[in-house]
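Take the sequence shown: its letters are residues 1488 to 1618, numbered as in the numbering used here. Here a beta-carbon is modelled for each residue, glycine too, at the ideal position from N, C-alpha and C. The block underneath contains the structure these notes are about, expressed in structure tokens.
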Amino acid sequence: MSNGTIDPDSLSGKLIEMQELMDNQCNELISARARIHELINRNKELEERALLLQRDLSHTHDQISKYQRDLKEFHAQKEDQEERISTLEKRYLDIQKETTHLTEFNNRLENELSRKETQLQHVKKQINFSL
């Protein structure tokens, strides 16, 4: 560039350099757009998966609540049954004691009856013998 003139070789070199720079920037832009598109798709997939996991988590929480209510109800039923069993055991023991007492009383009555029958037989023999 002497005397205000532009050197054509220098201008051509600059033009090639700028064209290469522009090609590189276009390639980088295409790559960046492709990467952005990939990231957008990946983000959509992750959001869908997060939504499914959130639904599963909500369902799991519902199931846990149901199981906790069921467990509480089963526990209450168990306590009620244990109380019933305890009451039945007490009644059984009371009946067993009463049965034992009645059996002993019955044995005493049978013994007394047997003794009185023996006495009656003896008295009858005496009456028959004295007649």
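Less than 8 angstroms between C-beta atoms, sequence neighbours within five positions excluded: which residues of the same chain meet that for residue i?
i            : result
residue 1488 : Caution applies to residue 1488, whose pLDDT of 48 falls short of 50 and renders its modelled position unreliable; the model cannot decide the point.
residue 1530 : none
residue 1537 : none
So, for residue i: in the same chain, excluding its five sequence neighbours on each side, which residues have a beta-carbon less than 7 angstroms away from its beta-carbon?
i            : result
residue 1607 : none
Which residues in the same chain have their Cβ closer than 6 angstroms to the Cβ of residue i, if we skip the five residues on either side of it in sequence?
i            : result
residue 1569 : none
residue 1551 : none
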